[in-house]
Structures are given as C-alpha cells and as structure tokens.
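These notes are about the structure you will find just below.
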Amino acid sequence: MAPVNDKGLTRLKLGVLISGRGSNLQALIDAAADPSFPAEIALVLSNKADAYGLERAAKAGIATTVVSHRDYPGDKPGFEAAMDARLRDAGVELVCLAGFMRLLSPWFVNQWHDRMINIHPSLLPSFKGLDTHQRALDAGVRFHGCTVHYVRAEMDAGPIIVQAAVPVLPGDDDHALAGRVLEQEHRIYPLAVRLVAEGRTRVDGDRVVIDGPVPALPALVNPPA
Ligand code: GRF
Numbered sequence: 086m087a088p089v090n091d092k093g094l095t096r097l098k099l100g101v102l103i104s105g106r107g108s109n110l111q112a113l114i115d116a117a118a119d120p121s122f123p124a125e126i127a128l129v130l131s132n133k134a135d136a137y138g139l140e141r142a143a144k145a146g147i148a149t150t151v152v153s154h155r156d157y158p159g160d161k162p163g164f165e166a167a168m169d170a171r172l173r174d175a176g177v178e179l180v181c182l183a184g185f186m187r188l189l190s191p192w193f194v195n196q197w198h199d200r201m202i203n204i205h206p207s208l209l210p211s212f213k214g215l216d217t218h219q220r221a222l223d224a225g226v227r228f229h230g231c232t233v234h235y236v237r238a239e240m241d242a243g244p245i246i247v248q249a250a251v252p253v254l255p256g257d258d259d260h261a262l263a264g265r266v267l268e269q270e271h272r273i274y275p276l277a278v279r280l281v282a283e284g285r286t287r288v289d290g291d292r293v294v295i296d297g298p299v300p301a302l303p304a305l306v307n308p309p310a
C-alpha cells in the first residue's frame, strides 16, 4: 500500500539508483524530509559498495542495497533482473537515476517505461554523454544547464520534464561551471519528482505536458544588454 503522510497524502515510492557521491540523492532525501513532499525514498540501490551516497541514505534511515555488476560478469540480463527484483520487492513506483553509471538495456528501460527518470548535466539534447561541462565550454555556448527527463533506451534521451539554464561566465573552467550547474540539479530533481508524483506530467509522444498553471518566464540574455 502506498505510504501516507501525517496529512493523509499518499507518497509515491522512489527507488534511487546511484554509483557514487550522491549529492542529487541528498537533494531528494532533503526534499522528502518535508512530510508534505509527495514522494519518499523506499530504496537506494548502488552498483558500487563504496558509493558515498549509500552513507547518505543510511544516515537518513533509508534502506540501501548493492547490486554489483561485477557479480554478473558477461551477464547484463542477470544484473538487471537482480536490480529489477530489488526495486519491485521494495514497492518502488518511480525509479530515479542519480549518477548511476551503467548503461541500461532496452529490457530494463521497458520494465520502467514512463516510471523512470534521469538527471543529466546539460541542456539536452545538447551534450549527451560524459564530460558535458568541458564540451559546453569548448563549444562556446553562453548557456549551459541540466535536464530531468523520462528514460528511453537511447542514452540521455527521452521526454523532458524540467530544465534549468545557467550562464557560462568569462573565466569559467569546467569545475566552476559544474558547480553552477550542480546547484540547479539539486533544485530541479526534487521539482521534477514533485511534478511526477502529483500526477502533473503527461507524456505525449516525445514531449511532456505539465498540467496546471505555470507562470510566464522572462527570456534570458547572456551577455546581458
Ligand atoms: C550529476 O552531475 C548528474 O547530473 C549526473 O551524474 C552526477 C551525479 O552526481 N547524472 P551526484 O552523485 O548526484 O553528486
């Protein structure tokens, strides 16, 4: 049964998949600490036993599990079936990829179709893959950012739920730019989870329609006039 908070609201059960530091996991932990947040973390799953995110979860009293890809040499289906089983056993309703560094097969992606989201450190569809900040600097773009999207079998593709843009500033290196983007990642991942958990996102082909009022935004210009 879906968990109910003190206001009688049901909370969507999240499974967060990590491989490392877990700062986006922490943002979700912090958001879910508010009982009015419409989701809670049922399980944190890591493919690496030494992922720091596991400590963050344990500290917050959240169940953790490790499914190491190294225990399934040459057997990706076995690795993914084990992950899938742990998520289902925990009653997970939405999978959140948060720095999970294994590519998922079409089989796994289809198991969680429209029930799995990812955060990526670029304004998709630009800069899929790794090293996004240096590649944005090399391309000379004046805006960079981050994206939360539904997961499809193609890497870093799928209907976009939320994006945040940050300016690229004179003198930026990849570290400075990554920090500016990460700050926004920690804002938009909880926002995207909230929108999904509240049932406000509807996937319409390649696009996500957000139900409910969304205020108008001004255009951003960089460099400023
Ligand atoms: C983040 O930049 C996220 O966008 C990307 O991997 C990184 C994970 O960082 N998918 P953390 O583990 O959440 O700190």
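Residue numbers (the working numbering): 86 to 310. Backbone N, C-alpha and C fix where the C-beta goes; we use that ideal spot for every residue, glycine too.
1. Go ahead and pull the three-state DSSP assignment for Val306.
2. Whole angstroms is fine: what's the gap from Leu262's alpha carbon to His218's?
3. Have a look at Val226, Pro244, Ala238 and flag the residue whose alpha-carbon is nearest the alpha-carbon of Ala250.
4. In terms of residues, what are the limits of the alpha helix (DSSP H) holding Tyr235?
5. Do you know whose CA, among Gly146, Ile147, Val194, Asn132, lies nearest Phe316's CA?
6. Kindly identify the DSSP beta-bridge partner or partners of Pro252.
7. Pick helix, strand or coil for Leu94, following the three-state DSSP scheme.
8. Going by beta carbon distance, what residues of the same chain come within less than 6 Å of Ala301, once the five residues before and after it are set aside?
9. Excluding sequence positions up to five away, which residues of its chain have a Cβ less than 6 Å from the Cβ of Val129?
10. Check whether the Cβ atoms of Tyr235 and Ile202 sit closer than 7 Å, and answer yes or no.
11. As a quick exercise: from Val177, Met168, Gly284, Ala183, pick the residue whose alpha carbon is nearest that of Ala112.
12. Within 10 angstroms of its Cβ, does Val294 collect 16 or more other Cβ (buried), or is it exposed?
13. Counting only runs that start and end within the segment 254 to 282, where is the alpha helix (DSSP H) found for 4 or more residues in a row?
14. Any C-beta of chain D sitting closer than 7 Å to the C-beta of Leu94?
15. Cβ of Pro206 within 6 Å of any heavy atom in the ligand GRF?
16. Any heavy atom of the ligand GRF closer than 6 Å to the Cβ of Ala67?
17. Check the DSSP bridge columns for Gly311 and list the partner residues they point to.
18. Using 7 Å as the threshold, is the C-beta distance between Leu254 and Gly230 below it?
19. How would you write the range of the beta strand (DSSP E) that Asp289 sits in, first residue to last?
Looking at the atomic coordinates:
1. Here Val306 sits in coil by DSSP.
2. Their backbone Cα atoms lie some 6 Å apart in a straight line.
3. Comparing Cα-Cα distances from Ala250 to each of Val226, Pro244, Ala238, the minimum goes to Val226.
4. It is not in any alpha helix (DSSP H) - Tyr235 instead sits in the beta strand (DSSP E) that spans 228 to 235.
5. Since the displayed the chain opens at 86 and closes at 310, residue 316 lies outside it and no answer follows.
6. Within the DSSP secondary-structure output, Pro252 pairs in a beta bridge with Phe228.
7. In the structure shown, Leu94 sits in coil (DSSP, three-state: anything other than H, G, I, E or B).
8. Here the set comprises nothing.
9. If we look at Val129 and ignore the five residues flanking it on each side, its Cβ neighbours are Val101, Ala142, Ile147, Thr149.
10. Yes, Cβ-Cβ distance for Tyr235 and Ile202 is below 7 Å.
11. Ranking Val177, Met168, Gly284, Ala183 by Cα distance to Ala112 puts Ala183 first.
12. Answer is exposed; the Cβ neighbour count stays below 16.
13. Fully contained in the segment 254 to 282 are the following alpha helix (DSSP H) runs of length 4 or more, in chain order: 259 to 282.
14. Absent from the structure: chain D. Only one protein chain is present.
15. Residue side-chain check: Pro206 places its Cβ nearer than 6 Å to a non-hydrogen atom of the ligand GRF.
16. Lying outside 86 to 310, the shown extent of the chain, residue 67 is not represented and no answer is given.
17. No information on residue 311 is available, as it lies outside the stretch 86 to 310 that the chain covers here.
18. Not closer than 7 Å, so no.
19. Run containing Asp289: 286 to 289, per the beta strand (DSSP E) assignment.
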